Amino acid sequence: MTMNNPAWTARAWPFIEARRIMDRFGGQAGFSPPAKGHILLETGYGPSGLPHIGTFAEVLRTSMVRRALAELTDTPLRLISFSDDMDGMRRVPDNVPNAAMMAEHLGKPLSAVPDPFGTHESFAAHNNARLRGFLDSFGFAYEFVSASECYRAGRFDDALRGVLRHYDEVMAIMLPSLGAERQKTYSPFLPLSPATGRVLQVPIIERYPDRDTIVFEDETGQRVETPVTGGHCKLQWKVDWAMRWAALGVDYEMSGKDLIDSVRLSSRLCQVLGSPPPVTMIYELFLDEKGERISKSKGNGLAVEDWLRYAPEESLATFMFQKPATAKRLYFDGIPRAVDDYMAFRQRAAGEDAAALLENPAWHIHAGTIPQEPAGPGFGLLLNLASVCHSEDKAVLWGFINRHAPDLSATTSPFLDRLVGHAIAYYRDFILPAKHYATPDPMQRAALEELAHALDTLPADADAEAIQTEVYEIGKRHPFASLRDWFRTLYTVLLGQEQGPRFGSFVALYGRDETRQLIAEALARAPETSAGPAGPAGPAGRDAPVTASRTTGC
0 MTMNNPAWTA RAWPFIEARR IMDRFGGQAG FSPPAKGHIL LETGYGPSGL PHIGTFAEVL
60 RTSMVRRALA ELTDTPLRLI SFSDDMDGMR RVPDNVPNAA MMAEHLGKPL SAVPDPFGTH
120 ESFAAHNNAR LRGFLDSFGF AYEFVSASEC YRAGRFDDAL RGVLRHYDEV MAIMLPSLGA
180 ERQKTYSPFL PLSPATGRVL QVPIIERYPD RDTIVFEDET GQRVETPVTG GHCKLQWKVD
240 WAMRWAALGV DYEMSGKDLI DSVRLSSRLC QVLGSPPPVT MIYELFLDEK GERISKSKGN
300 GLAVEDWLRY APEESLATFM FQKPATAKRL YFDGIPRAVD DYMAFRQRAA GEDAAALLEN
360 PAWHIHAGTI PQEPAGPGFG LLLNLASVCH SEDKAVLWGF INRHAPDLSA TTSPFLDRLV
420 GHAIAYYRDF ILPAKHYATP DPMQRAALEE LAHALDTLPA DADAEAIQTE VYEIGKRHPF
480 ASLRDWFRTL YTVLLGQEQG PRFGSFVALY GRDETRQLIA EALARAPETS AGPAGPAGPA
540 GRDAPVTASR TTGC
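Residue numbers for the sequence shown follow numbering that gives the first Met the number 0, so the first one is 0 and each next one is one higher.
Right, here's the structure in full:
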């Protein structure tokens, strides 16, 4: 453990979390590896439905903490993805076939419910396979752990005996958190009915810690004595969470803001079972386009596959990395900004020293190995290039790119090639339907005519900065209320949208002659006697594009 390692002072949140884990074992000065020989990080998954964007976020962020931790210690690190597939199925999901068949198995463990898709031995096995395929597709390094297998194989037996021995202490922690009616029937143990196989929420009539059994009244009305071990019972989930931490030796787990009280209770229960609770991190929840919390049952927000239709996974990882303790709108209009943020982070990394790299999100997104690829135009520029070209042909956009960067190609710049395809898809689905060209008034017309003339007379070697400076000067020479209004005129009149790229960069990419033609066509659409300010780019709806939210920087 190198004392002057910059990872010990890095301010990026994964390193802050990694140091919190190290403090669990003595910190930088007094680190002592755990007796079990490894440090264990956990993520959880409920297989009552398919993996969703919250699952992705949790595994991604925990993987980033694990990678940061690897900079601080040589101790083996493990990350498990735990599936709570012993849970009873409370309702039939809306998006599965054979609903009538599923309804016959309500209350049974998800691992005992037949697979409605007919591909696996159980509904849980089907969804667990989807989870593993989902995580594998992103290259996550993890170990899959099934609750049902742990319960049935006896892996939890010692911890379950501990819950039975400390039953009164467990109840003393749990009962104050429950309503009066729930207190009357609550038990931390949920026995499986020998008659029906259902997970039962029933009072416990008698307890026998000396023989590891409890007595309850089954659905048939008979009193049944059953072991708490060997998969004959499972635990209520807050107690189950604590038991799992203790049984597996979990050192770190993050969870959403909605589970703050559950983390507190489970941490106390873990201590009752004789184990220190793990280091925990609370992250904020995602919001939809209306600012409401994203819910799997509501189906609001967007799914991972939705995002990946319009942008590369690195941009989604960038969105997940930034400010995990802040609630963020997770919707389509944030995609372009996330892509350009990622590209800026990756390009910045090329000139950074070892300490600065640890603060760069690209280092965490790529697990310390940032790919090298020639830089190309940003996503906002590609969106607007697609917009003015009115083309869904990648070759057309590559033609413009190669005018200024002839050495770039789909072979040498595969990431850029992916971006071109994503830009076309985003333009087609979000920008094109909302496109509406504004009509310039006489003052705006005069400014646009001057811009066309300037583009014709600028030196042949004028670069994007020189063009941008000239655009600024033209805006200052005309009586716009502000330069923001001048740039808004450019976007609404020439591009048919409210926002756009840094205009000098756009002209350099699109071409000065092509931009002059764009101005001529826009002015030809509008009579010279037109009056009135430029109108809006279109109705502000849920699909209104935000192509590059940097109007003031243009």
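A virtual CB, placed ideally from N, CA and C, is assigned to each residue, including glycine. All figures in this text were calculated on a predicted structure; none of them were measured in a lab.
{"query": "Rounded separation between Val214 and Ser261 - CA only", "result": "27 Å"}
{"query": "Span of the alpha helix (DSSP H) around Ile364", "result": "Pro360 to Ile364"}
{"query": "Whole-angstrom distance between Glu472 and Phe486, CA atom to CA atom", "result": "12 Å"}
{"query": "Where Asn3 falls: helix, strand or coil (DSSP)", "result": "coil"}
{"query": "Unbroken beta strand (DSSP E) run spanning Thr279, endpoints", "result": "Val278 to Tyr282"}
{"query": "Test item: CB-CB of Phe30 and Thr72 under 9 Å", "result": "yes"}
{"query": "Three-state secondary structure (DSSP) of Lys393", "result": "helix"}
{"query": "Length at least 4, wholly inside the stretch 60-141: the alpha helix (DSSP H) runs in chain order", "result": "98-102 and 122-136"}
{"query": "Nearest-angstrom Cα separation, counted from Arg10 out to Cys553", "result": "Legend: pLDDT at Cys553 = 40, less than 50; position of this residue unreliable, value from coordinates given subsequently. Looking at the two C-alpha atoms, the distance is approximately 31 Å."}
{"query": "Closest residue to Ser147 among Tyr436, Arg131, Asn127 and Ile369 (Cα-Cα distance)", "result": "Asn127"}
{"query": "Heavy atom of the ligand GTP within 8 Å of Gly153 beta-carbon", "result": "Here there are no bound small molecules, and the ligand GTP is not part of this structure."}
{"query": "Proximity below 9 Å, CB of Phe414 to CB of Glu288", "result": "no"}
{"query": "Pair within 9 Å by beta-carbon distance, Leu134 and Pro46", "result": "no"}
{"query": "Among Lys35, Glu57, Arg66 and His51, nearest to Arg18 - alpha-carbon criterion", "result": "Arg66"}
{"query": "Cβ pair Cys232, Leu159 closer than 9 Å", "result": "yes"}
{"query": "Cβ-based burial, Lys237 [other Cβ within 10 Å; buried from 16]", "result": "buried"}
{"query": "Beta-ladder partner(s) of Tyr207, from DSSP", "result": "Thr212"}
{"query": "Distance between Ala343 and Asn359 (C-alpha atoms, nearest Å)", "result": "10 Å"}
{"query": "The stretch 363-379 contacting the stretch 412-432, beta-carbon criterion three pairs below 8 Å", "result": "yes"}
{"query": "Neighbourhood of Pro538 by C-beta distance below 6 Å, restricted to the same chain and skipping five residues each side", "result": "Legend: pLDDT at Pro538 = 31, less than 50; position of this residue unreliable, value from coordinates given subsequently. Here the set comprises nothing."}
{"query": "Rounded distance between the beta-carbons of Glu252 and Thr279, thought under 8 Å", "result": "6 Å"}
{"query": "Limits of the alpha helix (DSSP H) - the one that Ser254 falls within", "result": "No alpha helix (DSSP H) contains Ser254, which is instead part of the beta strand (DSSP E) from Tyr251 to Gly255."}
{"query": "For Ile466, the first and last residue of its enclosing alpha helix (DSSP H)", "result": "Ala463 to Arg476"}
{"query": "Cβ separation of Tyr309 and Ala424, assumed to be a contact under 8 Å, to the nearest whole Å", "result": "5 Å"}
{"query": "For Lys434, the three-state DSSP class (helix, strand or coil)", "result": "coil"}
{"query": "Through-space distance from Gln27 to Val58, alpha-carbon basis", "result": "26 Å"}
{"query": "Nearest residue (CA-CA) to His165, options Arg197, Glu180, Gln270 and Glu103", "result": "Gln270"}
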